[in-house]
Amino acid sequence: MSLTAPLLPAAQALAAGASEWIVPYADGPADNAWADLQLPHLQALLTALSPRTVVQGSEYDFSPPHERVLARTMGLPDTPGLIPWAALAASNLGQDAAQACAFITPSHWHIGADHVHQSDPAATPLSEEESQQLLALISPWFADDGIALQYLQPDLWLARGDAFENLATASMDRVLNRDVRPWFPDAAQGAVIQRLQSEVQMLLYTHVFNDRRAALGQQPINAFWVHGSGRLPAPVSTAAGQVACIDDLRTPALQGNVQAWRQAWQQLDGSLIAQLQQRAERGEAVKLTLSGERHAVQWVNAPRGFMDKIKGMFATKRLPNLRDML
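Below, the structure is given as structure tokens:
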């Protein structure tokens with residue numbers, strides 16, 4: 002499940018009737034992920050379309066490429082780490098989003114001598130009751146710094162406060178199953194957040210809340226991650242429903258599961274990609290963006306002359322080296 006930016010399963014996105022498609026993690030979780038992988042519909046589709054790079058970045062940018070493309074398409078700021086996903090969520094709930102907002106995800110950190118590892122929240126699930134209890138427990142600590150917390154779902158709370166003003170924070174996708182230390186906010190701007198991290202860790206270290214989890218064989222909640230921070234532009238005009246960001250490859254890619262990622266790509270190829278190929282063959286407009294950890298490349302219909310079409314019919318159709326492109 003997506004935590005920072007709004008992503009959809011391909012089947013749900015197809016039913017929504019989007020006009021633009023973004024497929025994150027199309028590059029693969031390892032160099033051998035593409036070995037003998039057959040994606041005939043993708044190969045034919047990309048051959049018929051024209052590519053252009055829409056995001057050039059680094060694997061260390063606070064926001065992955067697909068979030069930046071999605072934000073830009075929706076009329077949001079796309080500065081890495083300052084895409085206001087939380088403020089957008091507040092606005093979609095009909096709430097006042099004038100103040101800077103952020104998401105808070107309760108987390109389990111495995112703290113070793115040379116690493117601080119962020120576990121996937123799905124691997125350390127909180128029930129709704131547990132999350133509400135935890136929220137009530139630590140809310141006063143945040144309130145002392147002018148931060149108001151609101152429950153959204155067990156692994157996602159909404160936070161409002163001046164502490165998030167111009168505070169760049171890393172997407173959950175950047176830290177899942179990784180060492181979080183390269184992804185901390187700026188030390189000066191994020192001083193309040195870092196202090197709260199320390200206070201919450203001390204509070205929860207011996208708290209009965211985690212004792213109960215331990216009795217059930219569950220990992221303790223000993224930290225939180227701040228993400229999706231920023232202020233919503235006023236006014237904002239989003240293209241909701243027109244663009245779909247697909248999450249089918251996300252989980253296996255972030256877990257480093259090569260086989261599951263290959264299977265997910267093959268399923269996408271037989272469903273979403275096959276439909277887009279049919280649309281392109283009928284002359285309909287197609288806009289497909291594939292993104293990886295660093296870059297995003299968009300393929301679109303481009304007018305082609307008669308000779309280009311003839312050449313295309315007989316040209317060898319090879320899949321681009323997406324591992325290197327993205």
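The opening residue of the sequence shown carries number 2 in my numbering; numbering runs sequentially from there. Think of the CB as a built atom: it goes at the ideal place given N, C-alpha and C, for glycine as much as any other residue.
#### Entry: Straight-line gap, P52 to R324 (C-alpha atoms, nearest Å)
15 Å
### Task
Kindly identify the DSSP beta-bridge partner or partners of W158.
I105 and Y152
#### Entry: Of the listed residues R179, D249, I194 and P253, nearest to G113 (C-alpha basis)
R179
### Task
Compare the beta carbon distance of W226 and T106 with 8 Å and say whether it is the shorter of the two.
Yes, Cβ-Cβ distance for W226 and T106 is below 8 Å.
### Query
Measuring CB to CB, does D156 end up less than 8 Å from L4?
Taking 8 Å as the cut-off, the Cβ atoms of D156 and L4 count as close.
### Task
Can you give me the start and stop residues for the alpha helix (DSSP H) that W86 sits inside?
W86 to N93
### Message
Which runs of the beta strand (DSSP E) at least 3 residues long sit entirely within the segment 5 to 92? Give them in chain order.
### Response
You should have 21 to 24 and 51 to 57.
### Those runs of the alpha helix (DSSP H) which lie wholly inside the segment 241 to 289 and span at least 4 residues
251 to 256, 259 to 269 and 275 to 282
### Query
Just how far apart, CA to CA, sit A19 and M173?
25 Å
### Query
Among residues of its own chain, excluding the 5 on either side of P321, which ones have a beta-carbon nearer than 7 Å to its beta-carbon?
Shown here for P321: same chain residues with a beta carbon closer than 7 Å to its own, the five before and five after excluded, namely L47 in chain order.
### Message
Less than 8 Å between the C-beta atoms of A87 and L159, yes or no?
### Response
In this structure, L159 lies closer than 8 Å to A87 by Cβ.
#### Entry: Backbone CA spacing between N258 and D145 [nearest angstrom]
Cα-Cα distance, rounded: 42 Å.
### Query
Quick one: what's got a C-beta closer than 7 Å to L255's C-beta in the same chain, skipping five residues either side?
D174, L177 and N178
#### Entry: Pairwise C-alpha distance: A286 and E130
47 Å
### Task
Indicate whether A36 and S272 have their beta-carbon atoms separated by less than 8 Å.
no
### Query
Which of the three DSSP states, helix, strand or coil, is assigned to Q119?
strand
### Task
Please work out which residues of its chain come closer than 7 Å, Cβ to Cβ, to Q243, disregarding the five sequence neighbours upstream and downstream, and give them in chain order.
A19, S20 and E21
### Query
Using DSSP with H/G/I as helix, E/B as strand and the rest coil, what is V301?
In the structure shown, V301 sits in a strand (DSSP, three-state: E or B).
### Query
By the 10 Å Cβ neighbour count, where 16 or more other Cβ atoms means buried, how is D62 classified, buried or exposed?
buried
### Task
Within the same chain, show all residues whose beta-carbon is closer than 6 Å to that of H1, passing over the 5 residues directly before and after it, in chain order.
Absent from the structure is residue 1, since the part of the chain shown begins at 2 and ends at 327.
### Message
Are the CB atoms of H228 and A103 within a distance shorter than 8 Å?
### Response
yes
### Query
When you compare only the Cα positions, how much space is there between R161 and D121?
Those two C-alpha atoms are separated by around 24 Å.
### Message
What would DSSP say about W180, mapped onto helix, strand or coil?
### Response
Trp is not the amino acid found at residue 180; the sequence shown has Asp there. DSSP places D180 in strand when its eight states are reduced to three.
### Query
Does DSSP put F225 in a helix, in a strand, or in coil?
In this structure, F225 counts as strand in the three-state DSSP scheme.
### Task
Report the three-state DSSP secondary structure of L204 (helix, strand or coil).
helix
### Query
Roughly how many angstroms separate the alpha carbons of D115 and A297, rounded to a whole number?
32 Å
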